[in-house]
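Note sheet for the following structure.
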């Protein structure tokens, strides 16, 4: 039963990896065949006996592991101990396939690969995954931007709170993902293009508890699909972070780009409303029941009217404030706290797009202050626009 279950978790990837290993690393495979630990691992699907001096290094890595090759010796060039070249390749590939879905940097420790060989192996695995995605894309089953993340989805802990972050691929969203994970939260980090989110994927290799999901907040189908995927998962904090500034040169009188305006409005205002509406049941089912939307200061008359220009950004944030204001009216009876938080001037791409060149907070500092503010929110703050340091902004 256990063997069948593990075999089902290693589909087409294992044969392809086997072929790549055998073709690209024939000498390495031969040396591994001569290794006592790897030989026993290949032959029996487990590590060498405890009495072997080198076995201590492998303790806990493949102890008790039942692999696809257990009790079945394929044909091939055999060596002492009954291990064959093919069983070496297949079982090591299977182990690496599972290991690389978690923390790719632990490959040398878990397999005995030298650092150069491990780096080369990572290149092969990356090419292998590109090949699999190309097969899926060419068959029309998915589009390039809907490719699943390169890391295997983490299992969410039932004993920890959960935060869902939109726009988590860079800047403030990435800082939120890192800091919430460091606090042992379940983190669902979303972004439009997972493949291009190299910093987020790198973060996920260090923090396996992060679950990366593809989400374009302007697409009804993606928002609905993600909400359906997590229908049974309570979300304690829904963090509407995704936002764009738009082309600043098209936000002044005489140069207005109304198509750009529709795009900015769709992301900043409708996007937050889409996600909030879709995940309202999950927030309602949680303990903390918080919907947080970032930004909004430029949408407040007390701030936005102080200087000219920036029409599209200001209008989208004003609509965003109104959407969240109406949402708080409708969700008050459910015990949900809806708050808009201005993170301050933060050194992110959005702030650079605004033309600001003055002093700015780092994403890490701003995220830390905002998280601390979220933790202390009370029902009395429902529907308010506040700054990261707790000041109430009239809007």
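In the numbering used here, the protein residues as written are 33 to 427.
For each residue, glycine too, the CB sits at the ideal point set by N, CA and C.
Given the structure is predicted, the values throughout are model-derived calculations rather than measurements.
Per DSSP, the continuous beta strand (DSSP E) segment holding residue 221 begins and ends at 218-223. In this model, residue 356 and residue 315 are separated by some 15 Å (Cα to Cα). With fewer than 16 other Cβ atoms from the protein chains shown falling within 10 Å of its own Cβ, residue 252 counts as exposed. In the structure shown, the three-state DSSP call for residue 409 is coil. Our two residues, residue 233 and residue 226, have alpha carbons roughly 8 Å apart in a direct line. Within the same chain, and ignoring the five residues on either side of residue 367 in sequence, the residues whose Cβ sits closer than 6 Å to its Cβ are 321. In this structure, DSSP gives residue 424 an extended state, which the three-state scheme calls strand.
The DSSP-derived three-state label of residue 300 is helix. When the beta-carbon positions are compared, residue 222 and residue 196 come within less than 8 Å of each other. Under the three-pair Cβ rule at 8 Å, the region 368-379 counts as touching the region 410-425.
Distances from the CA of residue 351 to each of 307, 303, 318 and 191 were compared; the closest alpha carbon is that of 303. Residue environment for residue 238: exposed (fewer than 16 other C-beta atoms within 10 angstroms of its C-beta). In this structure residue 280 does not touch residue 198 by the C-beta definition: roughly 23 Å separates them, more than the 8 Å allowed. Of the residues 318, 392, 376 and 361, the one whose Cα lies closest to the Cα of residue 218 is 318. Taking each of 215, 307 and 342 in turn and checking the Cα distance to residue 285, the smallest one comes out for 342. Considering only 305, 347, 373 and 376, the residue with the shortest C-alpha distance to residue 358 is 305. Straight across, the Cα-Cα distance linking residue 393 with residue 291 is about 32 Å. The beta-carbon distance between residue 299 and residue 374, rounded to whole angstroms, is 18 Å. This is too long to meet the 8 Å contact definition. Rounded to the nearest angstrom, the Cβ distance from residue 344 to residue 283 is 5 Å, consistent with a contact under 8 Å. By the neighbour-count criterion, in which a residue is buried when 16 or more other Cβ atoms sit within 10 angstroms of its Cβ, residue 348 is buried.
Distance from the CA of residue 362 to the CA of residue 308, rounded to the nearest whole angstrom, comes to 12 Å. Counting only residues of its own chain and dropping the five nearest sequence neighbours on each side, residue 301 has a CB closer than 7 Å to the CB of 348, 351, 352 and 355. Secondary structure of residue 247 (DSSP, three-state): coil. A distance of 8 Å or more separates the beta carbons of residue 192 and residue 230. For residue 419, the enclosing beta strand (DSSP E) covers residues 417-419. Distance from the CA of residue 241 to the CA of residue 289, rounded to the nearest whole angstrom, comes to 42 Å. In this structure, 396 is the residue among 312, 396 and 410 with its C-alpha nearest to the C-alpha of residue 209. Taking C-alpha positions only, residue 296 is separated from residue 276 by approximately 6 Å. Only exposed fits residue 407, as fewer than 16 other CB atoms lie within 10 angstroms of its CB. In this structure, the CA atom of residue 410 is about 24 Å from the CA atom of residue 310.
In the DSSP annotation of this structure, the continuous segment of the alpha helix (DSSP H) that includes residue 315 starts and ends at 312-316. The beta carbon of residue 360 sits closer than 7 Å to those of 370, 414 and 415, all from its chain and outside the five residues before and after it, given in chain order. Here residue 200 is buried. Its C-beta has 16 or more other C-beta atoms within 10 Å. Scanning its chain for C-beta atoms nearer than 7 Å, with the 5 sequence neighbours on each side dropped, one finds around residue 265 the residues 188, 194 and 314, in chain order. Under the DSSP assignment, residue 325 falls in the beta strand (DSSP E) whose first and last residues are 322-326. DSSP links residue 272 through a beta bridge to 325.
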